[in-house]
Each structure stands twice: as C-alpha cells, then as structure tokens.
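Have a look at the structure below before the remarks.
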Amino acid sequence: MLIDGSWLQRLKQIEQSHYFQGFVIAVIVIAALTVGAKTYPLPGWLEQGISVLDVAITLFFLVEISIRFLSSEQKKRFFHDGWNVFDTLIVVASLIPLPDSEMVVIGRLLRVLRVLRLVSIVPELRFLINALLKAIPKMGYIALLMFIIFYIFAAVGSIFFAEIDEFLWGDISISMLTLFRVATFEDWTDVMYDTMAVYPLSWIYYIVFIFLTTFIFLNMMVGVILEIMTNETRKEDHQQQEDHHTELLEQLTALQQQVAQLNRRLDQQQDTAGNTGEG
130 MLIDGSWLQR LKQIEQSHYF QGFVIAVIVI AALTVGAKTY PLPGWLEQGI
180 SVLDVAITLF FLVEISIRFL SSEQKKRFFH DGWNVFDTLI VVASLIPLPD
230 SEMVVIGRLL RVLRVLRLVS IVPELRFLIN ALLKAIPKMG YIALLMFIIF
280 YIFAAVGSIF FAEIDEFLWG DISISMLTLF RVATFEDWTD VMYDTMAVYP
330 LSWIYYIVFI FLTTFIFLNM MVGVILEIMT NETRKEDHQQ QEDHHTELLE
380 QLTALQQQVA QLNRRLDQQQ DTAGNTGEG
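The number in the numbering used here is simply the position in the sequence shown, starting from 1, with 129 added.
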C-alpha cells in the first residue's frame with residue numbers, strides 16, 4: 130500500500146506526538162494492571178470486563194505498531210531496530226488465539242511480556258537497557274572472577290566447617306550456596322557464630338570473603354556500568370551535535386541556493402531593464 134506525503138506526514142506527527150506517546154504508556158500500564166488483577170479472585174462480570182478490555186488493548190497495540198511502521202520513511206530498516214522487532218513479536222503473538230487449556234499459560238505469559246513494551250517506548254529506559262547489554266561482556270569477566278573466589282572459599286569452608294554443620298557445609302555446592310547467603314547478609318552472623326564456637330578465628334574467613342565479594346567485586350560491576358553509561362552518553366551527545374551541525378549545513382546550503390536564485394533574478398531584471406532602455 131502506497132501512502133502519499135501528506136498522510137505520511139500526518140502519521141509522523143501522530144507517532145512523534147507527546148500526547149500519543151503518553152497515551153501508549155498509559156495503555157501499557159493499564160495492560161499491566163489487568164494482568165495483575167487476574168491473579169485475584171474476581172466476580173464474573175469483572176472478569177468479563179477485563180477480558181473485553183484486554184482485547185481492546187491488543188487491538189490498540191496493533192494500531193500503534195502499524196502507525197509506527199507506516200510512518201517510517203524506510204520500511205525495510207524498521208525491523209533493523211531490535212526494539213521494533215520485539216514490539217512486533219509481542220503484538221503479533223498476542224493476536225494468536227490459544228483455545229487449548231495448556232496454551233492459555235503461554236497467552237498469559239505473552240500478556241505479561243507486554244509490560245516490557247514500556248522499556249521500548251520510553252527512551253531513557255531503552256538507554257539504560259542498551260548500556261546494560263553493552264556492559265555484560267566486561268561484567269562477565271568480573272562474574273567469572275567472583276565464581277573463582279566463591280569456589281575457593283567454598284572448598285575451604287567445606288574442608289573446615291563440614292563437621293560443624295553438614296547442612297551448610299556438607300559439600301562444595303551447598304557451601305557456595307551458604308556463601309551466597311553470607312554475601313547477601315541473610316543471617317550470616319548466625320553462620321559465623323556457629324563456626325566461631327569451634328574455630329574462634331573463623332571470623333577472618335567471613336570478613337575477607339565479604340570484603341572481596343560485596344565491597345570490591347560488586348563495586349567493580351557498578352563501575353563498569355557507570356563507565357559504559359558515560360561513554361554512551363558522550364556518544365549520544367556527539368551524535369546530537371553532529372546531527373545539529375548537519376542540519377545547520379543543510380539550512381545554510383538552502384539559504385545559499387535561495388540567495389543565488391535571487392541574484393539570478395536580479396541580474397535578469399537588470400538585463401531586461403537595460404534592454405528596454407536601449408530600445
């Protein structure tokens with residue numbers, strides 16, 4: 130289907146309108162509330178009303194994604210954006226009827242995932258998610274180093290503390306789970322006091338482990354995320370400056386062309402006036 134320039138401009142105005150974006154966000158929030166409401170026992174008339182509202186929300190999402198697609202100047206590049214692909218998949222999957230009782234769970238999960246569309250709609254949330262995804266490779270090395278520390282301390286704990294509490298230190302896997310409990314400060318002092326009753330200096334073991342995992346490695350992860358976000362902010366600012374510079378150059382070029390046209394017209398008028406005077 131071909132769309133003329135006026136309709137394309139109108140669709141762009143609608144898609145870029147703050148009111149339209151705010152309405153889309155409000156609909157996503159309402160969709161999230163309907164998903165949460167279905168987890169409570171509700172009267173029949175209210176469940177039926179929520180079902181009708183859910184259908185209306187799904188149809189609105191279809192209209193919204195259609196407007197975004199039609200207002201795009203380059204239709205083929207629309208799906209080059211991962212967020213557009215995600216939104217389209219969620220909307221299309223929500224339209225598929227799932228009458229089977231076993232497939233109803235999938236339908237509910239898809240409706241829960243519609244809440245994630247809030248991330249794709251709000252630019253600030255997209256920026257945070259993109260920065261987090263770019264930070265994953267560096268965070269992976271930190272997580273690997275944390276795993277090594279967990280493994281070493283779990284092995285030491287299993288060797289020394291297994292006789293004290295078989296439930297917490299019986300093997301290396303359960304010891305790592307216990308250390309995770311210590312790292313999250315979930316009643317970790319009880320674990321420490323039990324071992325201190327046999328090994329009075331075992332508090333050093335816990336302090337060193339907490340210092341390494343909680344205070345160093347987690348702060349390293351936060352530092353990596355902040356570094357990536359800072360770099361992304363600089364790139365975005367630089368891109369905005371380049372776009373602004375390009376826009377100014379285009380405006381300057383247009384002004385130069387207009388001045389050149391005016392000069393040509395003035396020259397033509399002067400030539401015409403000169404020819405008339407000679408005649």
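By construction, the Cβ of each residue, glycine as well, lies at the ideal position given by its N, Cα and C atoms.
- The segment 181 to 191 and the segment 144 to 164 touch, with no fewer than 3 CB-CB distances between them shorter than 8 Å.
- In this structure the segment 213 to 226 does not touch the segment 147 to 158; the number of beta carbon pairs closer than 8 Å is below three.
- Secondary structure at Asp319: helix, using DSSP grouped into helix, strand and coil.
- Of the candidates Ile194, Leu199, Gln398 and Ala383, Leu199 places its Cα closest to the Cα of Gln138.
- Judged by beta-carbon spacing, Ile301 lies within the 8 Å limit of Ala284, meaning their Cβ atoms are closer than that value.
- Counting C-beta atoms within 10 angstroms of its own C-beta, Glu193 has 16 or more neighbours from the protein chains shown and is therefore classed as buried.
- By the neighbour-count definition (other C-beta atoms within 10 Å, threshold 16), Val220 is a buried residue.
- Here DSSP, grouped into helix, strand and coil, assigns Lys267 to helix.
- Here Arg246 is buried: its Cβ has 16 or more other Cβ atoms, across all protein chains shown, within 10 Å.
- Inclusion of Val320 and Val311 in the CB contact set at 8 Å is warranted, their separation being smaller than that value.
- For the 8 Å CB-CB criterion, Phe344 and Met275 do not form a contact.
- In this chain, the alpha helix (DSSP H) harbouring Glu176 covers Gly173 to Leu199.
- The segment 323 to 343 makes contact with the segment 278 to 295; the number of CB pairs closer than 8 Å reaches 3 or more.
- Thr313 and Ala155 have their C-alpha atoms some 36 Å from each other.
- The C-alpha of Pro170 lies about 48 Å from the C-alpha of Phe290.
- Shown here for Lys141: same chain residues with a beta carbon closer than 8 Å to its own, the five before and five after excluded, namely Ser200 in chain order.
- In the structure shown, Thr217 adopts helical secondary structure according to DSSP, grouped into three states.
- The Cβ atoms of Ile288 and Met349 lie no closer than 8 Å to each other.
- By the beta-carbon neighbour count (other beta carbons within 10 angstroms, threshold 16), Leu261 is exposed.
- Shown here for Ser223: same chain residues with a beta carbon closer than 6 Å to its own, the five before and five after excluded, namely Thr187 and Leu239 in chain order.
- Look at the segment 296 to 361 and you find these whole runs of alpha helix (DSSP H), each 4 residues long or longer: 301 to 312, 317 to 325 and 332 to 339.
- Assigned with DSSP and collapsed to three states, Val244 falls in helix.
- Annotated as distal: Arg197 and Glu253, with beta-carbon spacing of 8 Å or more.
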